[in-house]
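Student: For reference, the structure I am asking about is given below.
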Ligand SMILES: [Zn+2]
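Chains as they are written, first to last, in my numbering: chain F, 3 to 488; chain Z, 392 to 874.
Now the structure itself:
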């Protein structure tokens, strides 16, 4: 089955002429038709457009003019990315009927690389959530256990890769939304350095934290995906004009002599014993491969969560102000006046979690509270950044658990605060703007995937990828697949 | 108003920058296009779109900052200012707040011959909003539409210190500022089209009183005259209220030019909490010394300096120099004409008396596009100075030049307007006039000196204005004395 293959395996088949992009697209579309009713990863499937793109790729391969590793490869993108002519909901009712006249830069780059976009993937509304239960449309299931969540907010993107409903996907990570679902769904998820990948066309949640990254079946695929989307974009002033290395070429360098930091603050009470055991075993594996471990201290970790839950809602309250019923998306009829139209539209269009954060953020930014909340949170953010800077003076990468536990059951975490704790290990990385990656590091007794998080220096994704690659090559976790049947 | 009050006025001036594209996207800024034809996803604030700073707008901001003696901040940044209104695509405006482009400047003005220095608090950049089009009046409209053509157009806001004391000073400050931005070519200064807008803060306090008066903001003044009238109205209104022992309410008022009064718009109770915070989609804007210096060398001679030079080098009165330097195009025109005819006083008179009467408004573009080029005006002046035509004929020639664009010499020679100064030829005409108006000659001889002017007029009439007035005068005097 072509749907079992990684990007690089699929590409090799295309180049050999053993398979065509059209065959791959058809197989994926058939598998989506058969399995997605169970997994519910896709919000929108663009089958016709996908087959048209695939046919173009067929022609390129036939003429020997293929565009590169992603040419003809079927991919999915989180519904947070604007797609020209294809509805973009961001998992929210308030964007109902919104069809952007432009592509997000990352989507445009994938398309330019010849990728075949299968459709748009489910997510927590406006990327706020850790379970994809906050989607306004439906909850995506974890392919390893359909009664469990896939994580969030990029749950659809993670589940699609785990269930072989796309060769790879794009997600976004504001406080862990790539790494946490990657850990829950057992795939490789990479959140690049802030500024490494353009945010243009990514529907903003928290502008200073959001970053785009891939979900992939293995580390090499993640490297290929990053290669395609990384680099400066004149449309995004926060995207960095820093050269993009050849990530795939860097992978083979191994971890011999690599200095690996182990932060004490990430092995805390509340960390699930099975997760801890798996992560400690992974550290031993890295040692066995020649890495040198050293304990590092990130003392402000415990304040990261609180700072995040002020900064992210503050920015979200601002970014979401534009959804008012005036210009696009939902407008609830029957309003008496302008304010009534705003209130009705936003009242009906936003879900509970979004409203909670908009209110939190509005409060945190309001006159008289700014310094006490937003201002203070920014100071904590600086302290978290300094923690990492100090640690990275001594080590090349930091490894830690991605999440405190494996995937939880749907509906299990009704209390928002306990839900927020899920991101405790991923959030500091966003506050510091650093790259982070989750790679499969084992399974619980119940058969649920466990993720190992690798954190790197700014713009040093290459070291994360090579660490993960060495670990992946030394383990067999990748061979296990969820037992899904139609 | 009975008591004596100290008046404290501060002005906030918004000037639209003359960039080709908007503040944060590539859309055109041309005025008057059909609604929503100059928009893109960025200036419509569509999901996922991001702003990119217009470098030229920053340059214009730096240029103006230098001209008004502000210190340009090396590190400045944009912030978001939040409020809900349908003409604002994102429901926040990208503006500058705590770290503006420039601060601490001043502008020197002169009122009734007295010089005053008005402090400038800050200069910052921001984007404009769109425009609402109501079907009918705002209160009864069945529908309202939004035109986003203006949304995202670059604005520069210049905030004065509360140093202004009278409406005349306010007017002088505004005219001075306008002249500068127009000189710099960063704004067209057109208040009617909204490229320059002004809000005023005004408060009164009893002379000698320690606490500051309550501040009232006046908006919606779209001409210099409106600003002065509105301020005068407010001074009286607040003075009367204070006389009557009332408390001034802190509020925003709108100037209604039809009624000639300010009306309350909203009180402080409904004041907005703008929830400013640094714009996360834009990195801090670094304006280094090299950039500032590169802009500094492009600064033209500014109105005040030029005015002083005109008075010094061309012996113009302060009044004439002021008028001529009020517009860069006009001053350029004057200098070009002087360069060719060498007669500054005559050139100033022709420009201020004749040219400005013909031109629509004091529009810069009209001066530049005028049919009488500075060279042609110089040609006309030369014909007067060398005695070829009389001043009176010259006025007719000027009008013909203005309509046809022809030069003075062409018109004068075609229409035979050359001045007659030949005493022999004019002598016969003078004799004829004296014979024809014996009664007037009697009056003159009886001591009615005014009769001479009548006789001169008759000679001019007989020669269709071509007679040299000097020659006519001396001929008449000579002949009358002999009679
Ligand atoms: Zn635009």
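Note that CB positions come from ideal geometry on N, CA and C, so glycine has one too.
Name the two residues that bound the continuous beta strand (DSSP E) containing residue 107 of chain F.
Tutor: Segment 107-114 is the alpha helix (DSSP H) holding residue 107 of chain F; no beta strand (DSSP E) there.
Student: Run through the DSSP bridge pairs and tell me what residue 902 of chain Z is partnered with.
Tutor: What the structure shows of chain Z is the stretch from 392 to 874, and residue 902 of chain Z is not part of that stretch, so it cannot be assessed.
Student: In the segment 189-204 of chain F, which residues sit with their C-beta less than 8 Å from some C-beta in chain Z, listed in chain order?
Tutor: Per Cβ criterion, the list reads 201, 202, 203, 204.
Student: Whose C-beta lies closer than 7 Å to the C-beta of residue 741 of chain Z among residues of the same chain, with five residues either side of it excluded?
Tutor: Answer for residue 741 of chain Z: 768, 772, listed in chain order.
Student: Using C-beta distances below 7 Å, list every residue in its chain close to residue 875 of chain Z, excluding the 5 sequence neighbours before and after it, in chain order.
Tutor: In the structure as shown, chain Z begins at 392 and stops at 874. Residue 875 of chain Z is therefore absent and cannot be evaluated.
Student: So, with DSSP's three-state summary, where would you put residue 498 of chain Z?
Tutor: Residue 498 of chain Z: strand per DSSP, three-state reduction.
Student: Counting only Cβ-Cβ distances shorter than 8 Å, please list the residues of the segment 534-555 of chain Z near chain F, keeping chain order.
Tutor: Within the segment 534-555 of chain Z, the residues whose Cβ lies closer than 8 Å to some Cβ of chain F are 537, listed in chain order.
Student: My understanding is that residue 190 of chain F touches residue 456 of chain F, with C-beta atoms under 8 Å, so please give their C-beta distance in whole angstroms.
Tutor: Their Cβ separation, rounded to whole angstroms, is 10 Å, which puts residue 190 of chain F and residue 456 of chain F out of contact at 8 Å.
Student: Please report the straight-line C-alpha distance between residue 600 of chain Z and residue 640 of chain Z, rounded to a whole angstrom.
Tutor: Near 18 Å, if we compare the C-alpha coordinates of residue 640 of chain Z and residue 600 of chain Z.
Student: For residue 8 of chain F, name the three-state secondary structure that DSSP assigns.
Tutor: The answer is coil: DSSP assigns residue 8 of chain F none of H, G, I, E or B.
Student: Considering residue 311 of chain F, what are the terminal residues of the alpha helix (DSSP H) in which it resides?
Tutor: From DSSP, the alpha helix (DSSP H) with residue 311 of chain F extends over 303-321.
Student: If you measure from each residue's Cβ to the nearest non-hydrogen atom of ligand 1, which ones come out under 6 Å, in chain order?
Tutor: My final list is Z:413, Z:416, Z:418, Z:430, Z:431, Z:433, Z:434, Z:543.
Student: Restricting to runs no shorter than 3 residues, where is the beta strand (DSSP E) found entirely within the segment 20-102 of chain F?
Tutor: For the segment 20-102 of chain F, whole beta strand (DSSP E) runs of length 3 or above, ordered along the chain, are 44-47, 76-80.
Student: With a threshold of 9 Å between beta-carbons, can residue 210 of chain F be considered close to chain Z, or not?
Tutor: Chain Z, which has a Cβ nearer than 9 Å to the Cβ of residue 210 of chain F, makes this yes.
Student: Look at residue 322 of chain F and residue 360 of chain F and say whether their C-beta atoms are less than 9 Å apart.
Tutor: It is a contact, given that the beta carbons lie within the stated cut-off.
Student: How would you list, in chain order, the residues of chain Z whose beta-carbon sits under 8 Å from the beta-carbon of residue 97 of chain F?
Tutor: Per Cβ cutoff of 8 Å: 438.
Student: Output yes if chain Z places a C-beta closer than 9 Å to the C-beta of residue 10 of chain F; else output no.
Tutor: Answer no: the Cβ-Cβ gap between residue 10 of chain F and chain Z never drops below 9 Å.
Student: Spatial neighbours of residue 81 of chain F within its chain, please: C-beta separation below 8 Å, excluding the five flanking residues on both sides.
Tutor: Same-chain partners within the cutoff: 45, 46, 90, 91, 92, 93, 122, 123, 124, 125, 158.
Student: Helix, strand or coil for residue 396 of chain F per DSSP?
Tutor: Reduced to three states, the DSSP call for residue 396 of chain F is coil.
Student: Alpha helix (DSSP H) containing residue 564 of chain Z: first to last residue?
Tutor: Residues 558-575.
Student: On a CA-only basis, which of F:209, F:195, F:208 is nearest residue 216 of chain F? Give me that one, please.
Tutor: Closest by alpha carbon: F:195.
Student: Closer than 9 Å, CB to CB, is residue 664 of chain Z near chain B or not?
Tutor: This model lacks chain B altogether, as its protein chains are F and Z.
Student: Is residue 417 of chain Z helix, strand or coil by DSSP?
Tutor: In the structure shown, residue 417 of chain Z sits in coil (DSSP, three-state: anything other than H, G, I, E or B).
Student: Quick one: grab the DSSP three-state call for residue 371 of chain F.
Tutor: The answer is coil: DSSP assigns residue 371 of chain F none of H, G, I, E or B.
Student: List the residues of chain F whose Cβ lies closer than 9 Å to the Cβ of residue 444 of chain Z, in chain order.
Tutor: Those within 9 Å of residue 444 of chain Z in chain F are 239.
Student: Using a Cβ-Cβ cut-off of less than 7 Å, give me the residues of the segment 664-689 of chain Z that come near chain F, in sequence order.
Tutor: Correct list: 664, 666, 668, 671, 672, 673, 674.
Student: Taking 8 Å as the cut-off, does the segment 195-215 of chain F touch the segment 403-420 of chain Z (at least 3 CB pairs, one atom from each stretch)?
Tutor: No, they do not touch.
Student: Can you say whether residue 61 of chain F is buried or exposed, counting buried as having 16 or more other CB atoms within 10 angstroms of its CB?
Tutor: It counts as exposed.
Student: Does the distance from the CB of residue 280 of chain F to the CB of residue 443 of chain F come in under 9 Å?
Tutor: Yes; because the gap between Cβ atoms is below 9 Å, this pair is in contact.
Student: Under 8 Å between beta-carbons, which chain Z residues line up against residue 326 of chain F? List them in chain order, please.
Tutor: 475, 477, 482, listed in chain order.
Student: Pull up the CB-CB distance for residue 240 of chain F and residue 674 of chain Z, whole angstroms please, since I reckon it's below 8 Å.
Tutor: The Cβ separation is near 6 Å, so the contact holds.
Student: Please classify residue 622 of chain Z: does DSSP put it in a helix, a strand, or coil?
Tutor: The answer is helix: DSSP assigns residue 622 of chain Z an H, G or I state.
Student: On a Cα-Cα basis, can you pick out the residue from Z:729, Z:593, Z:813, Z:714 that is closest to residue 643 of chain Z?
Tutor: Out of Z:729, Z:593, Z:813, Z:714, Z:593 has the C-alpha closest to the C-alpha of residue 643 of chain Z.
Student: Any beta carbon from chain F within less than 9 Å of residue 435 of chain Z's own beta carbon?
Tutor: Yes, because at least one Cβ of chain F sits closer than 9 Å to the Cβ of residue 435 of chain Z.
Student: If we count the other Cβ atoms within 10 Å of its Cβ and call it buried at 16 or more, is residue 393 of chain Z buried or exposed?
Tutor: At residue 393 of chain Z the pLDDT is 48, less than 50, meaning the model places this residue with poor confidence; the figure from the coordinates comes in the next sentence. Label assigned to residue 393 of chain Z: exposed.
Student: Please classify residue 209 of chain F: does DSSP put it in a helix, a strand, or coil?
Tutor: In the structure shown, residue 209 of chain F sits in coil (DSSP, three-state: anything other than H, G, I, E or B).
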